[in-house]
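Structure record follows, encoded as structure tokens.
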Amino acid sequence: MKAAVYHDTADIRIEPVPDPALAPGELILEVHATGICGTDVTEYLRGPIQYPIHARHPVTGHLGPLIPGHEVAGRIVAIGHGVEGFEIGQVVASGAGISCGACAQCAAGRTNLCLHYATVGLERHGGLAQLCAVPARTCLRVEPFGLDEETAALAQPMAIAVHSMRRGRRPPGTPAGY
């Protein structure tokens, strides 16, 4: 397959890479859309900051060139052992964050503060590729919501906006800047 691979500051190359391996609990997606956000631009222009290019990531073990892309939507082409509730051919949006589910922060519902947190497309290969491996527990089917793949790829930034409005106790329909 082909992917956009980050090698170092301002050095992303489209190149052939191996297909991702299917791990237990994961899905392989045929990527239909991937968002590019401010984090990606900052990594490109000033990084590596989070990308584990020069030092091994303590959770994922990744070291070296990385496929970015943490806002991903695609069609399921393979389902790992132990995954339930998904079928080949379904379109899903993938959440980026991977928490352990076992530490005190996860138990308190603060998975974003997990002691063993990692992010698809930041600390392990992501969605700027033809195929992407993602944890099934971070995925949501998009068909029931009537979303196309391009819109579904933006589910993660939309979730951040909704979460911010809820944390700020803003009623639905209230402009964020007021």
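Everything in the sequence shown is counted per the working numbering, starting at 120 for the first residue and increasing by one. Don't be surprised by glycine CBs; every beta carbon is placed ideally from N, CA and C. None of the values given here were measured: they were computed from a predicted structure.
Where do the N-terminal and C-terminal ends of the alpha helix (DSSP H) with GLU162 fall, by residue? Sequence index remark: in the sequence shown, residue 162 carries index 43 (1-based). 157 to 165 is the extent of the alpha helix (DSSP H) around GLU162.
Going by C-alpha distance, which of CYS222, PRO254, ARG289, PRO187 is nearest ASP159? Here residue 159 refers to the residue found at position 40 of the sequence shown. Per the Cα distances, PRO187.
Beta-carbon spacing of CYS251, VAL191 below 8 angstroms: As a working note, residue 251 is residue 132 in the sequence shown. As a working note, residue 191 is residue 72 in the sequence shown. It is a contact, given that the beta carbons lie within the stated cut-off.
For VAL239, which residues in the same chain have their Cβ closer than 6 angstroms to its Cβ, ignoring the five residues on either side in sequence? Residue numbering aside, residue 239 sits at position 120 when the sequence shown is read from its first letter. Spatial neighbours of VAL239 in its own chain (CB-CB distance under 6 angstroms, excluding positions within 5 residues in sequence) are listed in chain order as HIS189, ALA215, GLY245, VAL253.
Three-pair Cβ contact test at 8 angstroms for the segment 271 to 278 versus the segment 138 to 148: No, the segment 271 to 278 does not touch the segment 138 to 148.
Coarse secondary structure for SER218, derived from DSSP in three states: Residue mapping note: residue 218 aligns to position 99 of the sequence shown, counting from 1. Coil.
When you compare the CB positions of SER218 and CYS258, do they come within less than 8 angstroms of one another, or not? Residue numbering aside, residue 218 sits at position 99 when the sequence shown is read from its first letter. Residue numbering aside, residue 258 sits at position 139 when the sequence shown is read from its first letter. Not closer than 8 angstroms, so no.
Presumed contact (8 angstroms Cβ cut-off) between HIS154 and PRO276, rounded CB distance: By one-based count along the sequence shown, residue 154 stands at place 35. By one-based count along the sequence shown, residue 276 stands at place 157. Here the sequence assigns Gly to residue 154, which means His is not the residue at that position. Your pair GLY154 and PRO276 checks out as a contact, with CB atoms roughly 7 angstroms apart and the cut at 8 angstroms.
Is it buried or exposed for GLU262, if we count other Cβ within 10 angstroms and need 16 for buried? Position 143 of the sequence shown, counted from the first residue, corresponds to residue 262. Looking at its Cβ environment, which holds fewer than 16 other Cβ atoms inside 10 Å, GLU262 is exposed.
Quick check: the Cα distance between GLY220 and CYS233, rounded to an integer number of angstroms? Here the question's residue 220 lines up with position 101 in the sequence shown. Here the question's residue 233 lines up with position 114 in the sequence shown. Between GLY220 and CYS233, the C-alpha separation is close to 8 angstroms.
Going along the chain, which residues of its own chain have a beta-carbon closer than 8 angstroms to the beta-carbon of ALA142, five neighbours each way excluded? On the sequence shown, residue 142 is found 23 positions in, with the first residue counted as 1. Taking ALA142 as the centre and dropping the five residues before and after it, the same chain places the C-beta of GLY199, ALA252 closer than 8 angstroms to its C-beta, in chain order.
VAL202 versus ALA255, SER283, ARG132, MET120, residue with shortest Cα-Cα distance: Here residue 202 is taken as the residue at index 83 of the sequence shown, counted from 1. Ranked by how close their Cα comes to the Cα of VAL202, the residues ALA255, SER283, ARG132, MET120 have ALA255 in first place.
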